[in-house]
Each structure stands twice: as structure tokens, then as C-alpha cells.
Amino acid sequence: MKRRALISVTDKSGIVDLARALMQANFEVIATSGTVKDLRSAGIEVREVSEITGIGELAGGRVKTLHPEIFAGILATGKEREQLTPIDVVVVNLYDFSASSLDGGLDVEKIDVGGVALMRAAAKNFEEVTLLTSSSQYQDLIESLPTGLDEGRRRELAGIGFAITAQYDLSIAHSFASSGSGSARLRYGENPHQSALILSDGSGIAGARNLSHRNSKSLSYNNYLDADAAWRAVADHGDGEAVIAIIKHSNPCGIAKAASPRAAFRKALECDPVSSYGGVIASNREVDVDLAKDLTEIFLEVIVAPRFSDDALAELQKRENLRILEVAQSHHSTTGAFISGGILIQERDEILSESSDDWDLVAGEAVSESVMADLRFAWQSVRSVKSNAIVIAKDQATIGIGMGQVSRVDAARLAVIRGGDRVKGAVAASDAFFPFADGAMELANAGVVAIVQPGGSKRDNEVIEAMSMAGISMYLTHRRHFSH
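The sequence shown begins at 1 in the UniProt record's numbering and counts up one residue at a time.
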């Protein structure tokens, strides 16, 4: 049976050689009108899509390939492919829609609909169909003719196709958001020379209700990052006692838990009062007037909480430059980051589902319930610290935090320095294993009585032996919490 290839491209590079090779391999080539014109001018006779569907282009050219005859040919599997004329190769690239600049321009005619649909359909049915999205891929197919590419390569090309459509849709959303109600243009980005805007999905920090009506300043890019980090830090401790987190540059200056938000704030502030200046604070409980009065005594950029009492709002709004955010409880199962040439997406790192009942005691004696409570608190706190991270805690409050170090021993030293004399009798948590015993020994020599860490190092036995010799209780969680 004669095979069929569909070509619909904006970038015509290499398309003549590809079409010629396909026809020599006994493919029937069909194409959209613009592509047909280029191929016929090169002396290649191909069929126009309208000849297959029996319908010309509609809506001023907006509808070209969106027809059951085309998509059934791409998506059909098994015996269904034997009952119609299947499409075995789809060659498609998209209109050049770029939202990389923040100029706010929007040309809806450059939003590709049919091309995206073709790309997704061919990628979905990669077991039967080869998808080509770039001229750099054409030679691979030409060299594989007449048999075609193997399934492994087709799957790889399908993945590239889905990545392209994901980025394309994100670019469109970006452009729409620059003037939409679900977005806001920021004064600048991470630095004053960078443009920035924020897109809201209707939940979380980006969708927060800004209660600082008297404030002439909007939130900055960095304010949003720190507010989100602060909110996640308190959320990691659940809905039990009051928790306060103070954040600078997305790292905690202090985290504490207490019976009241005011008591938790005072404990969190004691961890590092100097670094807390100009920070962002989150509370997992309503901010009442007592806490509000304490908060106005230091310079803060942002306060995040689920609710604010009327009296608290009146007190806080006396500080003209203080941003006040009311955030509903929210949960996102994924997170990600832009990298050069792509987007990284992963499951969000959750810690609340973990239980200390699953920890293994590998050194020293079992600790008391109060020490275990501090170990749990330290473990829940270290997740919100940038790696390499060490948290030293006592009485449900951080007292020394070592963050963002390229070696774990330096993170331990920094936490000890920040903790000072308070380290004696405290506990410590490490977000990842100790590659050597030196980091754990820094904590032991400073007076820490118990350590919790994931384990998993090739030298775990050396670390455990060192802790046993030092009389330090060590627990393994078997779960890492890197934060980059």
C-alpha cells in the first residue's frame, strides 16, 4: 500500500529535498497551500490537502488541516489504519509566535492552531507515525528510507514535538498575560535592568489578595519569590501549632513553632535578628493585633498569612511600605524551572507525608519525646533551606542555619557559628547524606545531641561509627530533600 506524508511548514528550509526523497520512496505527498506552492515551483507535483478533504480553506485561511480525514489518517491504529488511507509521516513547524519580549504586543493571527494539532496528533501516535518538526531532522528520515525510522527514534521525535507545543502554548499565555487581568507587570525583575511580569493561575502567592491598600509600591519580583518560599516553609509544618518563617533571598533566617503566632515570631526572630531585617514573614495562622504590633517594630518587606484581623490590618497599614498578602491554602503537585532551550518539570517535594516512625536509629540511644519533636521540626524545616543545608534546632525553633554551601561540612560549620552557645543540647537535620564524617563531627563537637539525615552515602558506616563513638543519636530518614 502506498504510504502518505503530510507537509505543512512555515520554515521551508530543506523541504524540497525531503519531498523529493519521499516521492522516490513511493510516498504520496500532500501539503497545505503555501507549502504546495513552494514544492510545485521546484517541479515537485504534490496534492493539496483540500483535494483529500474536499473542502477548501475556511475562515480566511485559519482552517486548513482541521478535518476528520486528516486526523483519522494520523491517529488511527491497528486494523483501523487498514480501512482508510493512513498518514505515516507528518512534517510540521509552527508560525513564528515569539513572546520572549515583554513589549505587550499580541498578533493572534500568528497563533498556530492546525499546526499544533497536527504535531500533537502525530506525537501521540508515534508507534505508527513519524513526526518531523525541524529541518535538522530531515536527513535522518531520508537516510532511513524506504523502511523509515525505528520506534525508538520516532518516540524521541514525539517527545521533541510535545516539548515544542508546551513551549509554544507558554509563549502565547505569556503574551496574553502581559495585558490580562490575571497578570501584573512588575517594576523590574531580579535586578533593575531586567523586565518582568507575573502570571496568576488563580491560586497561591501569584493569586494572593493584596490587602495593603495604602501602599503605593507593588510587590517586586524578589518579593514574590521570598513570599512563596516563606509560605511553603510554614506549610511544611502542617496545620497544628502556629508557625512563623522569616525569609531572605528565598532562605530562612528563622522558623519557629509555638502555641501562638506572636510567640512563634519571637522565637523565629531570635535565630538571626540581623538577617531578618528587610525580610519576608509568613504565618500559618491568622495575624492578630498582638503579632501585628511586634511586626511593626522591625523593618519587613512582606507579610503573608491566611487571614488578618481587622485590628491587625489597621496596625500593619500604618507602615506605608509594608506589603500585606492574604493567601488561601493551596496545593500544587508540580514545580519547574526554565533552562536554556527547555523547561524542567518535576513533582513538588512534599514532606508532610513523612513520619518519624519510619526513621531508623543507627547510632546512639533512642531519644526522648521532646528531642524527637525537635528532630521532626528540624527535618521539616531543612526542606525549605537551599542545599547544602544544615538546620540546628531547639525547643521547636531554628537556632542556626547553614544554607547554600557547596560542601556539607561548610554548611555544618555555618550553622554552628550562627547558633553559638545555643547549639549545646540542640538537634540537627541535614537535607542530604554526609559524604564524610567531618560534617557530622562539626555538629557533635559543638554540642548537638541528635542528628537526622537521609543516609545513602558510601561512607554511611564511617559516619555512623563516628556518631556512636561521640555518643550522638543519629536517625536515617532514607529520603533526601535537596533544594536548588
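Yeah, the Cβ is synthetic: ideal placement off N, Cα and C, and Gly gets one too.
The Cβ neighbour count for Val-29, taken over all protein chains shown within 10 Å, is at least 16; the residue is labelled buried. Here the C-alpha atom of Gln-139 lies approximately 33 Å from the C-alpha atom of Gly-336. Exclusion of the five residues before and after Arg-187 leaves Ser-218, Ser-220 as the residues of its chain whose Cβ lies within less than 7 Å of its Cβ. Its Cα nearest to that of Leu-22, the residue Arg-4 stands out among Arg-4, Glu-80, Ala-173.
Contact annotation: the region 425-438 does not touch the region 299-311, with fewer than three C-beta pairs closer than 8 Å. Here the C-alpha atom of Gly-73 lies approximately 11 Å from the C-alpha atom of Ile-52. Taken in chain order, the complete beta strand (DSSP E) segments of 3 residues or longer contained in the region 415-457 are 427-430, 450-453. DSSP places Phe-338 in the strand class (E or B) of the three-state scheme. When only Cα atoms are considered, Val-391 and Gly-400 end up about 6 Å apart. Val-406 is classed as exposed because its beta carbon has fewer than 16 other beta carbons within 10 Å across all chains shown. Linking Ser-387 to Leu-225 through their CA atoms gives a straight-line distance of about 17 Å. Taking 8 Å as the cut-off, the beta carbon of Arg-262 is found closer than this to the beta carbon of Asp-294. Met-469 is not bridged by DSSP to any residue. When DSSP states are grouped into helix, strand and coil, Ile-87 belongs to the coil group. Spatial neighbours of Phe-162 in its own chain (CB-CB distance under 6 Å, excluding positions within 5 residues in sequence) are listed in chain order as Ala-123. Here DSSP, grouped into helix, strand and coil, assigns Gly-279 to strand.
Taking the CA atoms as reference points, Leu-118 sits about 14 Å from Pro-86. Counting other Cβ atoms within 10 Å of its Cβ, Gln-396 reaches 16 or more and is therefore classed as buried.
When DSSP reads this structure, Thr-130 sits in a beta bridge with Val-89. Looking at the backbone, the Cα of Thr-32 and that of Ser-340 are separated by about 32 Å. Just so you know, the alpha carbons of Gly-404 and Thr-334 end up roughly 23 Å apart. Following the DSSP letters along the chain, one finds Leu-199 inside the beta strand (DSSP E) bounded by residues 197-199. With respect to the 8 Å criterion, Glu-241 and Gly-278 are not classified as neighbours on the basis of their beta carbons. In the assembly as shown, Gly-471 is an exposed residue. Its beta-carbon has fewer than 16 other beta-carbons within 10 Å. When the Cα atoms are used, Ala-258 and Ala-268 turn out to be separated by approximately 10 Å. Gly-148 and Arg-348 have their C-alpha atoms roughly 39 Å apart. Glu-315 counts as buried, since no fewer than 16 other beta carbons sit within 10 angstroms of its beta carbon. Closest in C-alpha terms to Thr-398, from the list Ala-233, Gly-34, Glu-128, Thr-35, comes Ala-233. Counting along the chain, the unbroken alpha helix (DSSP H) around Ser-33 starts and ends at 33-41. Here Gly-455 is buried: its Cβ has 16 or more other Cβ atoms, across all protein chains shown, within 10 Å. In the assembly as shown, Val-274 is an exposed residue. Its beta-carbon has fewer than 16 other beta-carbons within 10 Å. Fully contained in the region 279-312 are the following alpha helix (DSSP H) runs of length 4 or more, in chain order: 289-295. Taking every protein chain shown into account, the CB of Met-469 has fewer than 16 other CB atoms within 10 angstroms, so this residue is exposed. Thr-398 carries a strand assignment under DSSP once its states are collapsed to helix, strand and coil. Scanning its chain for C-beta atoms nearer than 6 Å, with the 5 sequence neighbours on each side dropped, one finds around Phe-71 the residues Ala-121, in chain order.
In the DSSP assignment, Asn-222 falls within the alpha helix (DSSP H) that extends over 221-235.
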